[in-house]
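Visitor: Pasting in a structure now, in structure tokens, and then I'll have a few things to ask.
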Ligand SMILES: Cc1ncc(COP(=O)(O)O)c(C=O)c1O
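Numbering (our numbering), first residue to last: 540 to 930.
So this is what it looks like as structure tokens:
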């Protein structure tokens, strides 16, 4: 296969990891065959034996995803959570300790506190914008430092290479894994900043059209990749060939979509920052965001997610998010259409009141996944939705 590594991201998103096959198919065919013929009991006709372990459509996607993340071993899963679960399973065993950012996707938080805790894994949640707090939380038995940057839903930014340095200096030298879902590999590549594993919900920006669930992890560490293969094969949450095809198709336009997401999000963040009914805007692209400098240094641009706090009650906030006409009131993020949601009663409802407070999520918080429509139309939509409730 031609080495595409010298090409820029925009070129690799279309060409990396796949070349026309023996039939000349320019797009990887969907191989529905579950099983692959052997030449003899000890020799397969191809590298594939059984689809749960490997499948030609998935191999093409795994290679492309690895290339875009700047890593060697890419593996795709049936959802982002399946990929995250695989990271935790590969890195943790009974008696281990995890240091995790306190502002995590709710299900990642729940997986650690309600599932892995029952297998004897202990977790300390820290303010992941504070490198000293992360360094101080690392113990001799810390096996994993798990981060999400930008974080969901408060858009906090963690200095990835700063964390990598702290971990390398610690006796336990924990694995550093980063959930890169909010950034996508176009905006941020944690492996290039020294992380050991990058994990991502491909359901969001990479696939980009709200029509497929998928997840991936990428690493340069062969030992981790081998453990991941054992887990993937035996737990069985690998991505189906048809879903691989959909992710493959969506990923070809990632760079162009991300550029529009970023431009629109910046325009909306600036509009909201000047709005009388908005008490706070969370967007790392704004100069007054507390981690703006770190974001500028480690991201190519600031992404399509914007959160805001309204001067409004829980009920008024719920009415406002129901009033938008273009922004669909729905969970998820990262697709071409704009979405709006209220984290406390929606995406983060599995967190208790105390956990919400500890994570700094107020009931009047609204999260926007800014799509690629025209930003003037999106701004007008938000303006009318707020006006109808707060006047
Ligand atoms: C930051 C983050 N990580 C992981 C996930 C889980 O991804 P999936 O829904 O594909 O399982 C999500 C889902 O919203 C997310 O926002």
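By construction, the Cβ of each residue, glycine as well, lies at the ideal position given by its N, Cα and C atoms. Since the model is a prediction, treat every value here as computed from it, not as a measurement.
Beta carbon of residue 793, beta carbon of residue 552: below 7 Å?
Guide: Against a cut-off of 7 Å, the Cβ pair of residue 552 and residue 793 comes out as a contact.
Visitor: Is residue 546 helix, strand or coil by DSSP?
Guide: coil
Visitor: Quick one: give me the first and last residue of the beta strand (DSSP E) that residue 758 is part of.
Guide: 754-758 is the extent of the beta strand (DSSP E) around residue 758.
Visitor: Please determine, among 902, 656, 878 and 759, the residue with the shortest C-alpha to C-alpha distance to residue 888.
Guide: 902
Visitor: Write down every uninterrupted run of the beta strand (DSSP E) in the segment 558-643 whose length is 3 residues or greater and which is fully enclosed by it, in chain order.
Guide: 577-579, 612-616 and 636-640
Visitor: Please classify residue 819: does DSSP put it in a helix, a strand, or coil?
Guide: strand
Visitor: Is there at least one non-hydrogen atom of ligand 1 closer than 6 Å to the beta-carbon of residue 628?
Guide: no
Visitor: Can you give me the Cβ contacts of residue 890 inside the same chain, cut-off strictly under 6 Å, excluding the 5 residues immediately before and after it?
Guide: 645
Visitor: Short check: CB of residue 730 to CB of residue 619, under 7 Å?
Guide: no
Visitor: Taking contact to mean 3 or more Cβ pairs, one atom from each stretch, closer than 8 Å, check whether the segment 835-848 and the segment 811-825 are in contact.
Guide: yes
Visitor: In angstroms with no decimal places, state the Cα-to-Cα distance between residue 545 and residue 721.
Guide: Distance from the CA of residue 545 to the CA of residue 721, rounded to the nearest whole angstrom, comes to 26 Å.
Visitor: Enumerate in chain order the residues of its own chain whose CB-to-CB distance from residue 898 is below 7 Å, with the five nearest sequence positions on each side excluded.
Guide: 641, 642 and 890
Visitor: What are the start and end residues of the beta strand (DSSP E) that includes residue 740?
Guide: 736-740
Visitor: Which partner residues of residue 844 appear in the DSSP bridge assignment?
Guide: 908
Visitor: Quick check on this structure: which residue in 848, 809 and 808 has the alpha carbon closest to the alpha carbon of residue 817?
Guide: Here the closest residue by C-alpha is 848.
Visitor: Find out if the Cβ-Cβ distance for the pair residue 875, residue 905 is shorter than 7 Å.
Guide: no
Visitor: Along the beta strand (DSSP E) that carries residue 834, what are the first and last residues, could you check?
Guide: DSSP places residue 834 outside any beta strand (DSSP E); the residue lies instead in the alpha helix (DSSP H), whose first and last residues are 831-837.
Visitor: CB of residue 862 to nearest heavy atom of ligand 1: below 6 Å?
Guide: no
Visitor: Pull the bridge partners of residue 663 from the DSSP assignment, please.
Guide: 638
Visitor: Which of the three DSSP states is assigned to residue 849 in this structure?
Guide: strand
Visitor: Could you name the residues of the same chain whose beta carbon sits closer than 7 Å to that of residue 658, not counting the 5 residues immediately before and after it, in chain order?
Guide: 633
Visitor: Report back the beta-carbon spacing between residue 575 and residue 567 to the nearest angstrom; my notes put them in contact at under 8 Å.
Guide: In this structure, residue 575 and residue 567 do not form a Cβ contact; the two beta carbons are roughly 16 Å apart against a cut-off of 8 Å.
Visitor: Output yes or no for whether 7 Å exceeds the beta carbon distance between residue 597 and residue 555.
Guide: no
Visitor: Would you check whether ligand 1 has a heavy atom nearer than 6 Å to the C-beta of residue 719?
Guide: no
Visitor: Going by the C-beta, is residue 846 closer than 6 Å to any heavy atom of ligand 1?
Guide: At a threshold of 6 Å, residue 846 does not count as near ligand 1, since its beta carbon sits no closer than that to any of the ligand's heavy atoms.
Visitor: Please work out which residues of its chain come closer than 6 Å, Cβ to Cβ, to residue 781, disregarding the five sequence neighbours upstream and downstream, and give them in chain order.
Guide: 569
Visitor: Mark residue 584 as exposed unless 16 or more other C-beta atoms lie within 10 angstroms of its C-beta, in which case mark it buried.
Guide: exposed
Visitor: Can at least three beta-carbon pairs, one atom from the segment 909-922 and one from the segment 854-868, be found at a separation below 8 Å?
Guide: yes
Visitor: Between the alpha carbons of residue 819 and residue 571, how many angstroms are there, rounded?
Guide: 49 Å
Visitor: Ends of the beta strand (DSSP E) at residue 716?
Guide: 714-718
Visitor: Quick check on residue 687: does DSSP put it in helix, strand or coil?
Guide: strand
Visitor: Closer than 6 Å to a non-hydrogen atom of ligand 1 - does that hold for the CB of residue 691?
Guide: yes
Visitor: How big is the Cα-Cα spacing for residue 664 and residue 607?
Guide: 30 Å
Visitor: What do you get for residue 884, buried or exposed, if any count of 16 or more other CB atoms within 10 angstroms of its CB means buried?
Guide: Counting Cβ neighbours within 10 Å, residue 884 comes out exposed, since fewer than 16 surround it.
Visitor: Should residue 550 be counted as a contact of ligand 1 given a C-beta to heavy atom distance under 6 Å?
Guide: no
Visitor: What's the call for residue 796, buried or exposed, on a 16-neighbour Cβ count within 10 Å?
Guide: buried
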